[in-house]
């Protein structure tokens, strides 16, 4: 694709990187770190959050370390993927599951969270509840203690009201992927925008949000809470950038979406940060 010329500093908070060349539940066509870097450069993206794809019943220690290794000397900021053992307690089945569930070897422990938090290679966490369920109370307490941002993949199996019950308002920033409505669920996206009024430390990112009216509504109503995400490599970052550029909002609001908001929440994305 032709390199975009748009005049904005752009940082990306949602890109998957498969360090071993394998595939995950949500990434069928992995690309190399070099190619991902080239595509980000083409799109005018100066720095990107990267994390491994989700895989059920898998320890994320090796994939996380691989992503951190491939981030060295690249404009990538590594986030560690975590998993859990809990489900929403909305019925007897969920309550029973949580009462008897125990961590297995592949589950993230409170000690794992602390190690990632104080390892200068990682700058936050990523969670996909549809594959990996939710952290238990002990893990949530440590996430609040370290207070690093957590990106959570929202969607039809992890809707906004469930995220509100399980993750939001816990003392750490939460960035909800795809406006909480993947795949293309307008109702859930609208609900997630409404929740921004309720939770001060909640943000949304823009990958795979194809509805212009919802994007513009979120940017206009909550100009400090919307962060640009490309969804690469499933979506080419050129396409993701262009979708934001075509919104009918001011240049100041575009700058907030593309960079300023993310840099406030995730310090290593700032121009002066020394990462990689």
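Residue numbers (the UniProt record's numbering): 1 to 276.
C-beta: ideal position from N, C-alpha, C; glycine also.
Asked, Found
"N- and C-terminal bounds of the alpha helix (DSSP H) containing residue 202", "Looking at the DSSP string, residue 202 is not in any alpha helix (DSSP H); the run it does join, the beta strand (DSSP E), is 202-205."
"Beta strand (DSSP E) runs wholly inside the segment 38-88, at least 3 long, in chain order", "45-51, 76-81"
"Residue range of the alpha helix (DSSP H) that includes residue 220", "212-221"
"Contact under 8 angstroms by Cβ, residue 149 with residue 180", "no"
"Residue 70 burial status per 10 Å Cβ neighbour count (16 or more: buried)", "buried"
"Continuous beta strand (DSSP E) stretch holding residue 279: start and end", "Missing from the structure shown is residue 279; the chain here goes from 1 to 276 and no further."
"First and last residue of the uninterrupted beta strand (DSSP E) at residue 152", "150-155"
"Residue 134 and residue 182 closer than 8 angstroms at C-beta", "no"
"6 angstroms Cβ shell around residue 43 - same chain, five flanking residues per side excluded", "4, 237, 238, 241"
"Proximity of residue 54 and residue 119 at Cβ, strictly below 8 angstroms", "no"
"Assigned exposure category for residue 117 - 16 Cβ within 10 Å defines buried", "buried"
"Backbone secondary structure at residue 185 - three-state DSSP", "coil"
"Counterpart residues of residue 103 in DSSP-defined beta bridges", "Per DSSP, none; premise fails for residue 103."
"Residue range of the beta strand (DSSP E) that includes residue 132", "It is not in any beta strand (DSSP E) - residue 132 instead sits in the alpha helix (DSSP H) that spans 129-132."
"Environment of residue 206 [buried if 16+ CB atoms lie within 10 Å]", "buried"
"Local Cβ density within 10 Å of residue 200, reported as buried at 16 or more and exposed below that", "exposed"
"Simplified DSSP assignment, three categories, for residue 195", "helix"
"Status (buried if at least 16 other CB within 10 Å, exposed otherwise) for residue 256", "buried"
"Residue 285: first and last residue of the uninterrupted alpha helix (DSSP H) it sits in", "The structure shown does not extend to residue 285, since the chain spans only 1 to 276, so no value can be given for it."
"Beta-carbon contacts of residue 215 that lie in its chain and below 7 angstroms, excluding the five residues immediately before and after", "206, 209, 247"
"Straight-line Cα distance separating residue 195 from residue 161", "9 angstroms"
"Residue 232, DSSP secondary structure in three states", "strand"
"Alpha-carbon spacing of residue 76 relative to residue 170, whole angstroms", "27 angstroms"
"Chain B within 8 angstroms of residue 259, Cβ atoms only", "Checking the listed chains, one finds no chain B in this structure; it contains a single protein chain."
"DSSP state of residue 121 mapped onto helix, strand, coil", "coil"
"8 angstroms CB neighbourhood of residue 9 in its chain, flanking five on each side removed", "46, 255, 258, 259, 271"
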